[in-house]
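The opening position of the sequence shown corresponds to residue 1 in the working numbering, with each subsequent residue numbered one higher. Okay, structure first, notes after.
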Amino acid sequence: MKPIRVCQSCGLPMSGEYMFGTHGDGHPCSEYCRNCFQKGFFTAASLDEQQKAIAVSGRKGHADLSNLKRWMPAVQQAAWILDRCGYVTLSTIDGNGFPRPVAIDVLRHDGIATLWMTTSLSSGKVKHLRKEPKAGICYVHEADSVTLTGTAEIIADMETRHAFWKDFMKHYFPEGPDYCILCFHSEEATFWIDREFKHIVL
């Protein structure tokens, strides 16, 4: 059974799209309910206002609003968003000094501090990283975006590759030893989350 979404501002279960809030251009927002988010704006400006709105409505709200996306610290919000993206865009620096963005799957991540991905040892991105480890990652969900800059290391030892190996990878790497792990270490992050811009050094 598919899990029911809950509003990430008040905790209200959203059993169907008719419960979704709306972005500024009118299209549905799957993160927040229609009571909390209308035409790109929140109806409650603070956590205190949100709790009061729940009390006034007479319904039982989420027991702990702090574990909902809207009320998380920015770094935790960014990790929450990453969990819902799957693929991200990884940019490496090519031989001519230009960024080369490619879509890549994230296998595992430690918040937004460290991300592990996989690719072929013969790929262009690996060739770039051998010469220049600086890289960037960007991902988007709903109207939120996160950009990370840092460095990426190529890990090709057998023990690490075995630890990350999943059977579905056979479709991409028929020859197991041809693949490697890319470990991205974030140094700075730029957020555009819930209409707020933030830049931090990690």
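Note that beta-carbon positions come from the ideal geometry of N, C-alpha and C, so glycine has one too. Only a predicted model underlies this, so the values are computations on that prediction, with no experimental measurement involved.
Distance, residue j Cα to residue i Cα
{"i": "Pro73", "j": "Phe191", "result": "12 Å"}
{"i": "Lys69", "j": "Glu17", "result": "19 Å"}
{"i": "Glu132", "j": "Arg59", "result": "55 Å"}
{"i": "Leu129", "j": "Leu182", "result": "9 Å"}
{"i": "Tyr87", "j": "Leu107", "result": "9 Å"}
{"i": "Thr160", "j": "Gly150", "result": "21 Å"}
{"i": "Pro13", "j": "Thr43", "result": "17 Å"}
{"i": "Gly21", "j": "Ala78", "result": "21 Å"}
{"i": "Val201", "j": "Glu188", "result": "4 Å"}
{"i": "Pro101", "j": "Lys198", "result": "23 Å"}
{"i": "Ser66", "j": "Lys52", "result": "15 Å"}
{"i": "Asp194", "j": "Pro177", "result": "42 Å"}
Nearest candidate by alpha-carbon position, reference residue i, set the options
{"i": "Glu153", "options": "Arg5, Pro174, Thr92 and Phe184", "result": "Phe184"}
{"i": "Glu196", "options": "Phe41, Thr22 and Gly21", "result": "Phe41"}
{"i": "Tyr172", "options": "Ala113, Thr114, Thr92 and Ser120", "result": "Ser120"}
{"i": "Pro99", "options": "Arg84, Phe20 and Ala135", "result": "Ala135"}
{"i": "Ala163", "options": "Gly95, Trp116 and Ser91", "result": "Trp116"}
Beta-bridge pairing of residue i - partner residues as DSSP gives them
{"i": "Gln38", "result": "Phe41"}
{"i": "Ile155", "result": "Ile181"}
{"i": "Val88", "result": "Ile104"}
Counted within 10 angstroms of its Cβ, other Cβ atoms place residue i as buried (16 or more) or exposed
{"i": "Asp144", "result": "buried"}
{"i": "Ile112", "result": "buried"}
{"i": "Lys127", "result": "exposed"}
Could I get the ranges of all uninterrupted beta strand (DSSP E) runs contained in the stretch 90-135, with 3 residues as the minimum, in chain order?
Segments of the beta strand (DSSP E) lying fully in the stretch 90-135: 99-110 and 114-120.
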